[in-house]
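S.K.: The opening position of the sequence shown corresponds to residue 595 in this note's numbering, with each subsequent residue numbered one higher.
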Amino acid sequence: MCDTLVLGWILRSLSPEIAQSVLWLNTAVEVWRDLQERFSIADLVRIADLQDEICGLKQGSLSVSAFFTKFRLLWDELTTYRPVRSCACVPRCSCVEYMRVDQVIRFLRGLNEDFESVRCSILLMDPLPPINKVFSMIAQHERQIRTPNPNSVNPMVCDVQSGPHKGNNHSKRPVCTICGLTGHTIDRCYKKHGYPPGYKPRSRVNVVVSESIDTNSSGSSENGSAPSDSVVLTHQ
595 MCDTLVLGWI LRSLSPEIAQ SVLWLNTAVE VWRDLQERFS IADLVRIADL
645 QDEICGLKQG SLSVSAFFTK FRLLWDELTT YRPVRSCACV PRCSCVEYMR
695 VDQVIRFLRG LNEDFESVRC SILLMDPLPP INKVFSMIAQ HERQIRTPNP
745 NSVNPMVCDV QSGPHKGNNH SKRPVCTICG LTGHTIDRCY KKHGYPPGYK
795 PRSRVNVVVS ESIDTNSSGS SENGSAPSDS VVLTHQ
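(1) What does the alpha-carbon distance come out to for the pair D643 and C649?
(2) Within 10 Å of its beta-carbon, does V769 have 16 or more other beta-carbons around it, so buried, or fewer, so exposed?
(3) If we count the other Cβ atoms within 10 Å of its Cβ and call it buried at 16 or more, is I725 buried or exposed?
(4) For I732, does the three-state DSSP call read helix, strand or coil?
(5) Which same chain residues end up closer than 8 Å to T621 when comparing Cβ atoms and leaving out the 5 residues on each side of it in sequence?
(6) Consult DSSP for P610 and reduce its assignment to one of helix, strand or coil.
(7) Helix, strand or coil: which one does DSSP assign to T621?
(8) From D637 to R676, what distance separates their C-alpha atoms?
(9) Have a look at F661 and F633 and give me their C-alpha separation to the nearest angstrom.
(10) On the DSSP letters alone, give me the boundaries of the alpha helix (DSSP H) that D720 sits inside.
(11) Given this structure, state the Cα-to-Cα distance separating S657 from E671, to the nearest angstrom.
(12) Consult DSSP for T673 and reduce its assignment to one of helix, strand or coil.
(13) Here's the rule: buried if 16 or more other CB atoms are within 10 angstroms of the residue's CB, otherwise exposed. What is R740?
(14) Count the other CB atoms within 10 Å of the CB of W618; is the residue buried (16 or more) or exposed (fewer)?
(15) If I measure Cβ to Cβ from V678 and keep anything under 7 Å in the same chain, skipping five residues before and after, which residues do I get?
(16) Counting along the chain, where does the alpha helix (DSSP H) carrying G774 start and finish?
(17) When the Cα atoms are used, what is the spatial distance from T776 to F709?
(18) CB L705 to CB Q653, shorter than 8 Å?
(19) Which residues in the same chain as L668 place their Cβ atom closer than 8 Å to its Cβ, once the five residues preceding and following it in sequence are excluded?
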């Protein structure tokens with residue numbers, strides 16, 4: 595009775611073509627052994643293709659979640675072709691551990707350069723965390739680098755605000771509180787400290803021209819050029 599029940603389960607799980615090929619076998623054990631002999635042989639061509647795909651798999655424009663899903667599909671298919679047998683060695687061998695480490699390394703190597711820092715940090719861990727833990731760490735790093743920093747300042751805005759043309763700099767020229775003229779302060783005022791030898795008084799026209807020249811000189815100095823000596827026009 596149990597054999598008939600198991601045989602029915604096996605036959606219903608087969609495609610019609612394969613089911614017809616085992617139709618004349620009497621027991622579930624015979625059907626199972628026949629199928630095992632035909633389909634349990636590893637496809638070396640497919641194994642080679644899977645290994646090439648896994649080694650060449652890169653994240654590119656994929657998200658971390660999409661890349662990890664694609665990687666796991668290939669890796670799990672490879673594992674079905676080359677399963678790691680349970681070990682009864684004393685002490686136990688490291689076959690399963692080596693495969694687990696290879697899985698983590700291959701996943702990390704396929705990530706973009708944006709994850710270089712966290713990738714190096716994970717590879718320095720001893721022992722390496724499981725693959726699901728590694729995925730969680732990478733996903734957190736992805737959210738961090740994709741979240742804009744509200745405290746960051748646009749460098750173009752800083753350049754404009756701190757540049758040589760910020761505001762109207764000419765309106766901030768010093769004004770002497772003694773004589774009321776612009777272009778110098780009280781510590782350089784001739785009216786307070788005395789006129790130099792040979793000084794000739796200037797007319798109002800000369801004062802206006804001198805102030806204009808001082809303005810141009812001040813603008814050149816603010817733009818990084820060396821200030822020129824003041825020019826004084828006198829009557830001949």
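Every residue gets a Cβ at the ideal spot worked out from N, C-alpha and C, and that includes glycine.
Keep in mind it's a predicted model, so treat the numbers as computed, not measured.
M.R.: In terms of the structure at hand:
(1) 10 Å
(2) exposed
(3) buried
(4) helix
(5) D597, L601
(6) helix
(7) coil
(8) 10 Å
(9) 30 Å
(10) It is not in any alpha helix (DSSP H) - D720 carries neither H nor E in the DSSP assignment.
(11) 22 Å
(12) helix
(13) exposed
(14) exposed
(15) C689, V690, M693
(16) Here G774 belongs to no alpha helix (DSSP H), and DSSP marks it neither H nor E.
(17) 59 Å
(18) yes
(19) L644, E647, I648, L651
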